[in-house]
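Below you'll find the structure, written out as structure tokens, and then a few comments.
There are 2 protein chains.
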Amino acid sequence: MTTLSPSGPVAGQRKVRRATMNDVARLAGVSIKTVSRVVNDEPGVHPSTAERVLAAIDQLGFRRNLSARNLRRGSSTGTIGLVLEDVGNPFYSGVTRAVEEIARLRGRQVISGSSDEDPGRERELALEFCSRRVDGLLIVPAGLQHSYLVPEMRAGTPVVFLDRPAGDVVADTVLVDNIGGTVEAVTHLAAHGHRRIAFLGDAPDIFTANERLRGYREGCVRAGVGYHEELVAMGPHDEGSVATTLKRLQHLREPATAIVAGNNRITVHILRTLAGVAERPALVGFDDFELADLLSPPVTVIAHDASALGKAATDLLFARLDGDNSPPRRVVLPVRLVPRGSGEVHA
Amino acid sequence: MTTLSPSGPVAGQRKVRRATMNDVARLAGVSIKTVSRVVNDEPGVHPSTAERVLAAIDQLGFRRNLSARNLRRGSSTGTIGLVLEDVGNPFYSGVTRAVEEIARLRGRQVISGSSDEDPGRERELALEFCSRRVDGLLIVPAGLQHSYLVPEMRAGTPVVFLDRPAGDVVADTVLVDNIGGTVEAVTHLAAHGHRRIAFLGDAPDIFTANERLRGYREGCVRAGVGYHEELVAMGPHDEGSVATTLKRLQHLREPATAIVAGNNRITVHILRTLAGVAERPALVGFDDFELADLLSPPVTVIAHDASALGKAATDLLFARLDGDNSPPRRVVLPVRLVPRGSGEVHA
DNA sequence: CCGCTGGGGGACAACGTTGTCATAGTGGCC
DNA sequence: GGCCACTATGACAACGTTGTCCCCCAGCGG
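Chains as they are written, first to last, in the numbering used here: chain A, 3 to 349; chain B, 3 to 349.
Here it is as structure tokens:
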């Protein structure tokens, strides 16, 4: 295996024009249409002609321009757009992977972008993708207003919302059972004798955070332990605010003996804050995460499957692309409580 | 906030043709060029005309077709291609995030795909991206043959290799200091009295795995503990094979008292295997991972920064796009040993 | 009244493909 | 020999934009 340098000046060859079918045609001494035939494996080209064309293609380093092709054919661009909150978050990267996988099977490329929970950025990304004429859109909504998508949907771009519902359009949506999950978490803790169960969640304008809060409240009521404002802390959380909150919960007249964490980031903040603390409250976290089983104590979680979420949404999208025009669907994926230890501590 | 259904039949509107500038022009009673002027904020359009055009755009839900635009202008497509091993792996999703971030600042969209360590798939993805006329390519090489990229590079598409070097082309490359890292790991363990230090790595045809093995060997020699074949286990590892290997290492005539893990997946397998075991060997893992500090004992690692890697590579790519045509560069990012406990166990 | 200026707007070609249709040549059959 | 069928190939338009160039007309100075 020799080391080839792409001969001649390579880096910074910004000015070179890529070879087109025209160039190939000229070099091979045929018409451009014949080149097209060869490139597309269409019949009716004499083998010797095809050979000349292929040689020219090789010599010029020709590669068909897909944009031009799609433009002319008016066909799909073979892309789907994915707008999520942050690819860097393992949960969403799991989603991305699943989306990519299915898209691949259906011969599509994925274009993705992170909104960072910023509605403006979400919109910017989604519309940019529409300008690129993606065949469909998968969106983890950052905001509550999605009417900007109405023209796109009307123009035939299917949109599936993921993880959270859209604010003001009716469209396919895939969610997880946030309420059921937190109800189960609370019930589980109550069953182990806890009556002072706290909830730390994300800002309540985030759909999932709000739903989980509702589930928490319902769980408290059902378990007969009552809902107490003082045991709840919503809002954007960082390590510092979590530490403060935990301290507060501990020093209540009736301290919290158990905590439900609203998502994986919060769970991790809590774990870090509690590291080395002897008297630990029981803990159940929403979202599973790697190594949860290897911590001590292992962390009990409400688990749901990122790739199942991605798969369900993408399947739905492709169903629409295949012509399914039934009314918009809302799919709610189940969650399950995985008891590992941290949630089985008795009060 | 009312709930708008995109009026009329929406889902399954596969047949609708998107409005073009032509349609807008007709509706507004102007020429298509005037529409173009309005859409592009070009001067020389009477405000009242512009208003009519905007109204028509709104009414028809027109959105400029970026492919057509780029085709006509011969300008960049505003996209860059990213081929990695698996977006689902937190390390690569960190890379992805960083790439996305920089691309955004430079007004580019990222198209990405996972090769799953399959050279054929890598090639397929890279060439597909070239067909889409990405402005540049970032590739985590799966195989050793990349001469297929020569025509593309010659045609002016800059390519930067990431995490591993290309097999047979000279191109920009960003790596981490694999050898230095493992040397440091071994040195560290030896300094704590270990003389029987094992190495579990990935298949040696993977560049990083091989480099790390070299570093391990060099570290052993430098530390004066010698290199022993029996302490090394390379190859694809799953939980089972890791368990078997650990057992073997434990039952050697002179058992291993310390382990260097070749990457984060292997580290995790080891941790899972050792869970609950009383007599644990010392452990240093290559790649940092979330929660490493919360395990007991906390895991000592050779850390390097996924986002730094992504950033460096993307910066390099954009430098090329900006016209930098200096000879291909090879950037090696430093790693650092983060002592947390698991590696500071004395032999 | 003429010519000039400049703002507002349009006609047309071109980007790189592919679909449609036409045509040249070749051989076979009556 | 004339006609047909068939193969191999090409000319040309069109996809949705934008760049270039041109035109019309109002206003203005001489």
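Glycine included, each C-beta is placed from N, C-alpha and C at the ideal position.
Cβ of residue i within 8 Å of any chain B Cβ
i      : result
I208/A : no
G25/A  : Rather than Gly, the amino acid found at residue 25/A in this sequence is Asp. Not one chain B Cβ lies under 8 Å of D25/A.
G345/A : no
G138/A : no
N72/A  : yes
I199/A : no
S69/A  : yes
T98/A  : yes
A277/A : yes
CB contact flag (residue i, residue j, <8 Å)
i      : j      : result
S117/B : E124/B : yes
V185/B : R166/B : no
R197/A : V227/A : yes
P336/A : T302/A : no
V176/B : A315/B : yes
M236/A : G203/A : yes
L68/A  : S133/B : yes
M155/B : V162/B : no
A305/B : H194/B : no
L273/A : L297/A : yes
G83/B  : A128/B : yes
V89/A  : T98/B  : yes
I199/B : H239/B : no
DSSP beta-bridge partners of residue i
i      : result
L311/A : Answer is none; L311/A lacks a bridge partner.
Q111/A : T81/A
D174/A : V162/A
V185/A : DSSP output for V185/A lists no bridge partner at all.
G287/A : A263/A and V303/A
I59/B  : Answer by DSSP bridge pairing: none, since I59/B is not bridged.
R338/A : A305/A
F64/B  : None; F64/B has no bridge partner.
V234/B : F201/B
V333/B : V176/B
With 16 other Cβ atoms within 10 Å as the buried cut-off, status of residue i
i      : result
N42/B  : exposed
K313/A : buried
P45/B  : exposed
V40/B  : buried
R214/A : buried
P330/B : buried
S95/A  : buried
N91/B  : buried
T246/B : exposed
L254/B : exposed
R19/A  : exposed
D60/B  : exposed
E130/B : buried
A205/B : exposed
E102/B : buried
L107/A : exposed
D137/A : buried
Neighbour flag for residue i against chain A, beta carbons, 8 Å
i      : result
D88/B  : yes
I34/B  : no
T5/B   : Below a pLDDT of 50, predicted positions are generally treated as unreliable, and T5/B, at 46, falls in that range; the measurement from the model is reported next regardless. So, interface residue.
R128/B : Checking the sequence, you will find Ala at residue 128/B rather than Arg. No, A128/B does not count as interfacial toward chain A.
C132/B : yes
V270/B : yes
I304/B : no
R66/B  : yes
V112/B : yes
V142/B : no
P167/B : no
R39/B  : no
V18/B  : yes
A157/B : yes
S2/B   : Residue 2/B lies beyond the residue range present for chain B, which begins at 3 and ends at 349; the question has no answer from this structure.
Beta-carbon separation (whole angstroms), residue i vs residue j, contact threshold 8 Å
i      : j      : result
A225/A : V188/A : 6 Å
A280/B : L191/B : That pair is no contact at about 20 Å.
D289/B : N266/B : 4 Å
T36/B  : T22/B  : Not a contact, Cβ separation roughly 14 Å.
T159/B : L139/B : 6 Å
Proximity test, residue i beta-carbon vs the ligand SAH heavy atom, cut-off 7 Å
i      : result
G237/B : In terms of ligand content, the structure shown is empty, and the ligand SAH therefore cannot be addressed.
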